[in-house]
Structures are given as C-alpha cells and as structure tokens.
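Working notes, structure below.
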Amino acid sequence: MAGSGRAARLVMVATLSVLPALNVRAQEPGSGEQAEGMQALSLEVGSGHMEYLPEPAARIFVVDPRIVQVRPASGTSMVLYGVAAGRTTVMASDAAGRTIARFTVDVLPSRYGASQAEAEIARQMPGSQVRVQADLRNLVLTGSVESPEDASRAEEIAKGFVAGNQGVTDRIAIRSATQVTLVVRIAEMDRNVVRQLGIDWQAVGNMGKFGSFPALTLNMNASTAACVATRNPFCLGSNVNGVVDALAQDNLVRLLAEPNLTVMSGQSASFQVGGQYPIPLAQQAGAISVAFKSYGVSLTFLPTVFSNGRINLHVVPEVSQLSNQNSVSVTTSGSTSVIPALTVRRAETTVELGSGETFAIAGLLEDSLTDSTRAIPGAGDIPVLGTLFRSGNFNRQETELVILVTPYLVRPVADRARMTAPTDMAGVPGELDRLLLLRQAMPTQPARPVAVPGSAGFFVE
2 MAGSGRAARL
12 VMVATLSVLP
22 ALNVRAQEPG
32 SGEQAEGMQA
42 LSLEVGSGHM
52 EYLPEPAARI
62 FVVDPRIVQV
72 RPASGTSMVL
82 YGVAAGRTTV
92 MASDAAGRTI
102 ARFTVDVLPS
112 RYGASQAEAE
122 IARQMPGSQV
132 RVQADLRNLV
142 LTGSVESPED
152 ASRAEEIAKG
162 FVAGNQGVTD
172 RIAIRSATQV
182 TLVVRIAEMD
192 RNVVRQLGID
202 WQAVGNMGKF
212 GSFPALTLNM
222 NASTAACVAT
232 RNPFCLGSNV
242 NGVVDALAQD
252 NLVRLLAEPN
262 LTVMSGQSAS
272 FQVGGQYPIP
282 LAQQAGAISV
292 AFKSYGVSLT
302 FLPTVFSNGR
312 INLHVVPEVS
322 QLSNQNSVSV
332 TTSGSTSVIP
342 ALTVRRAETT
352 VELGSGETFA
362 IAGLLEDSLT
372 DSTRAIPGAG
382 DIPVLGTLFR
392 SGNFNRQETE
402 LVILVTPYLV
412 RPVADRARMT
422 APTDMAGVPG
432 ELDRLLLLRQ
442 AMPTQPARPV
452 AVPGSAGFFV
462 E
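Pasting the structure below:
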C-alpha cells in the first residue's frame, strides 16, 4: 500500500510538472465559492494563489494554459499563476479518474497598471476627475474633463500603462458642452434647352395683326415697325418671327439653399423652408377634414463629438417640390379636388470628419427629353412638301443636385460688437441717390472679410 501510494504521488507530481499556468478573472484572491460543484477563483495578471484540494490529486487539467499556469505545492495543494487576462477551467482528479475539484478561474488585468495610469493622469492634468479601472480586456477611463482635448490627452497617458493585448476604453464625459454648427449647401443646376423650327400656320392666319404677335413684341427693328404701322399683310420686314416659328433657348438656372444650424453634441436639430399643401380627407357622414403635407428644403442632423475632436454626423437633407405629374383627382361630396404629387430628392448618411472639413453626400443627375410635332392634318404627311406644314418642338431638361456639408465646432461669442446683422451694413439713401443712381439702400461701410482657419479641427467663435 505504501508503495502504491508513493507511485500515485509520483504520477501526480509528474503530471503537475508539465502543466502550464492558468488564467483567472479577478475577484478577491482565494474567494472560492461552491456553485453546482464548480468553484470560482479570481486572479490578477502577474499574481498567484495557493489552492488546497480535498483529496490528493493524481492529475490536473487546464483548458487554456495560456491564461493560467499551475504548479504543485504538495499532494493536496497547488499554486495558480495568472498569465494573461481571460477565463478558463481547471479540473483535478484522483488516481481512479474521479473528479475531486473543478475551478472556474478568471484573470483580470493588473490593477497596478490602472492605479499607476490614474496617478500619472492626475499629475499631468491637475483638476481632472479621471478614474482608471481594469476589466478583462481594457483599461476603462471614466470621470469628466473640461474639453475633448483633455480626454484625448488622458487616453494617450493611459496607453503607456497597458500590458499585453490590453486596450483603452474612453468613457470620459466632457463637462463643457460642445456645440456644432452645420453649414449645408444645396445647389441645383437646371439646364433647359428648347429648339423649335417650322412654320406656324396660326401666325400666317393672323398676318394682318402683327401687333398681336407675342414674338414680334421682342427685338422689333425699324422695318418691322413700319410694317406694323401700315398693317400691310404682305410686308414682313426683316423680322419674320411671326410666321417662321424658329426659337432657340438655352437657359441655365442655379438654385441655392444654404441653411446653418447650431446644436449641442448628441442632440438633433432640424430645418425646413417651403410650404404645406392641403389634402382633403373624407370622414363619416360626408364630412371632410384637411391634412397638410410639407414640401421645400428640409434638413435634419445629429452630431456626436468624440474626445479626439472628430465629429460623427448623421445628416438627412431633402429637397421636394410640387408637381402636376402623377397628380390625383379626388371627388368628395360632389366636388373634385386635385392633389398634386411631390418630386423628392433625399439623402441620408452617417460620416465622420473634422471641424471645417467638407464633403459631398449626394449628386443626382436627371435628364429628360421631349420631342413633339405639330402639323396640318393630311398636309403634314405629304412627302417632301409636308415639312412646310409641320412645326417641331424639341425640349431637353437636365437637372443636377449636389449637397455639400461642412460642420464646425463652435463657441458662443462673448463680444456682441463682433456680431453683425445684414441691416448693419445698409443705410438710407438720399434723394440724389434715388433719382440719379436708382438706389433704394446704400452700404454704410464696406464689409470686412472674415478669415477662417485653414486646417481642420478648429473651433469657431
């Protein structure tokens, strides 16, 4: 019996000698609790713990030896050493293979690094209220500072005390509220090309009434004016717009909306300019109620300022206008109402950028073509000669919408004199200015240019 017991102890010691160390998560060292046969142990990285077994152990198994290392102290005790943060399981069995003990071991990052990081932050940043705690994977920064710059500085200090695969989690609150001004520029380029060529026979029927031609009211030269005065139906002069329907138009229209909104970090803001149109709704007993739907230019955004000064921005711009296309006619109580449709251009996105940086979040190009022909029935279908009895109309419309977004970190202006209104630069003109220069308003002093910092990440007052 003595020989067999000695052999069992030799097997146990040999088994323990090849087992690597265990990982555990931190509670108070040695705080083992029985929970359905499983005891919970906790360690810090770099610390050890002596654990006693109820019976002599022949074998000890470690699920993840990269977390905890085990060294035998005696037949009924072992030493656990925390290697890396994490959780693993340790089991001990006797010579017959019966499990005599099971442990769930948690290893937390060393609190020594957290305490050292907290002390260094307090030394370099007097007045800060930053606390540093360690969890399984990271050093967690809590508390509050005055500005995002202070939070970034505290995070950089804490990174110098991380161990192994640890990271730093920033949960620092900013005591001074950070405000964001969003400048959104919505530009629409509308190019409308109209081409008309042919003979307008309605004008020929009204040859004796040149003065009633809308076309002849424009650019009427001397010879045409003489024809109008004499009312000679065969005198066309050098302006034949009334008979030959030749029209070429190439218009370029630029519509620009530039809403500016200021809001605190983490709060949403919205802006809308336009109108509302009524929609009749049928109710019981023939009653009619009216609901209103908005249209125009609208903007909704939600900024979040990070500790490093970067701005996370969720923005939703929208441009809508009434359209007769796809309109709906509704008849209620004997009356007919026409409900117009809406053409909507909308974008929704989330981006991250610095103060003063600009990006384009939407570009929409719409191209529509219309080609129509007017002709005298029958005569317009004659080969070759039919062109004399036809008038063609070609219309091409191109629309492009571009939305540019620029956020700024801003502070309130303390000096009221630095703020100006549009009326501050205008004065009342004199009688001489009104009569000779046709001025209804005149500037009192030239506007001063305002220089905006060039690099991104600045604050604007």
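Numbering (our numbering) for the sequence shown: 2 to 462. Backbone N, C-alpha and C fix where the C-beta goes; we use that ideal spot for every residue, glycine too.
Within the same chain, show all residues whose beta-carbon is closer than 7 angstroms to that of residue i, passing over the 5 residues directly before and after it, in chain order.
i      : result
Val329 : Ile340
Ala51  : What sits at residue 51 in the sequence shown is Met, not Ala. Cβ neighbours of Met51 beyond the five flanking positions: Ala74, Ser78, Val80.
His315 : Phe302, Leu303, Thr351
Leu219 : Confidence at Leu219 is low in this model, with a pLDDT of 36, below 50, so its placement is unreliable and the value that follows should be read with caution. Answer for Leu219: no residue qualifies.
Gly38  : Arg103
Ala118 : Val133, Leu140, Ile158, Ala159, Phe162
Ala361 : Val403, Ile404, Leu405
Is it buried or exposed for residue i, if we count other Cβ within 10 angstroms and need 16 for buried?
i      : result
Leu282 : exposed
Gln277 : exposed
Val291 : exposed
Leu410 : buried
Pro384 : exposed
Ile312 : buried
Gln284 : exposed
Leu402 : buried
Ala422 : exposed
Asp151 : buried
Ala288 : exposed
Leu433 : exposed
Gly114 : buried
Ala135 : buried
Quick one: residues in its chain with C-beta nearer than 6 angstroms to the C-beta of residue i, no 5 flanking neighbours on either side, listed in chain order?
i      : result
Ser145 : Gln130, Ala174, Arg176
Leu183 : Leu262, Phe302, Pro408
Val274 : Gly297, Val298
Ser271 : Thr301
Ile122 : Val131, Ala155, Ile158
Ser295 : Gln277
Arg186 : Glu259, Leu405
Glu353 : Arg311, Asn313
Secondary structure at residue i, three-state DSSP: helix, strand or coil?
i      : result
Gly212 : Note on Gly212: pLDDT 39, under 50, position unreliable in the model; no value is reported.
Thr100 : strand
Thr424 : helix
Glu319 : strand
Gln117 : helix
Ile280 : strand
Gln1   : Residue 1 is absent from the structure shown; the chain starts at 2 and stops at 462.
Ile68  : coil
Ser153 : helix
Ala159 : helix
Ala93  : strand
Arg346 : strand
Leu183 : strand
Asp382 : helix
Glu463 : The chain is shown from 2 up to 462; residue 463 falls before or after that span and cannot be answered.
Ala258 : strand
Ala286 : helix
Between the alpha carbons of residue i and residue j, how many angstroms are there, rounded?
i      : j      : result
Gly107 : Ser48  : The identity of residue 107 in the sequence shown is Asp, whereas the question assumes Gly. Using only the alpha carbons, I get a separation of about 12 angstroms.
Val205 : Pro378 : At Val205 the pLDDT is 44, less than 50, meaning the model places this residue with poor confidence; the figure from the coordinates comes in the next sentence. About 16 angstroms.
Gln326 : Glu157 : 59 angstroms
Val163 : Asn309 : 19 angstroms
Glu259 : Val406 : 10 angstroms
Ala58  : Leu44  : 22 angstroms
Val133 : Arg88  : 22 angstroms
Thr105 : Ala120 : 32 angstroms
Glu189 : Phe307 : 33 angstroms
Arg103 : Gln167 : 28 angstroms
Gln268 : Ser148 : 18 angstroms
Gly98  : Arg138 : 35 angstroms
Arg412 : Gln180 : 7 angstroms
Thr143 : Met126 : 15 angstroms
Val169 : Ile68  : 20 angstroms
Phe293 : Gly128 : 54 angstroms
Asp382 : Arg375 : 11 angstroms
Thr337 : Pro279 : 14 angstroms
For residue i, which residues in the same chain have their Cβ closer than 8 angstroms to its Cβ, ignoring the five residues on either side in sequence?
i      : result
Met420 : Val414
Val46  : Gly83, Val84, Ala85, Ala86, Val108, Leu109, Pro110, Ser111, Ala164, Gly165
Ile101 : Leu54, Pro55, Glu56, Ala58, Ala93, Ser94, Asp95
Ser116 : Val133
Is residue i near the ligand FMN - that is, is its Cβ less than 7 angstroms away from at least one heavy atom of it?
i      : result
Arg132 : Because no ligand of any kind appears in the structure shown, any question about the ligand FMN cannot be addressed here.
Flag this pair as touching only if the region 341-356 and the region 315-323 have three or more C-beta atom pairs under 8 angstroms; answer yes or no. yes
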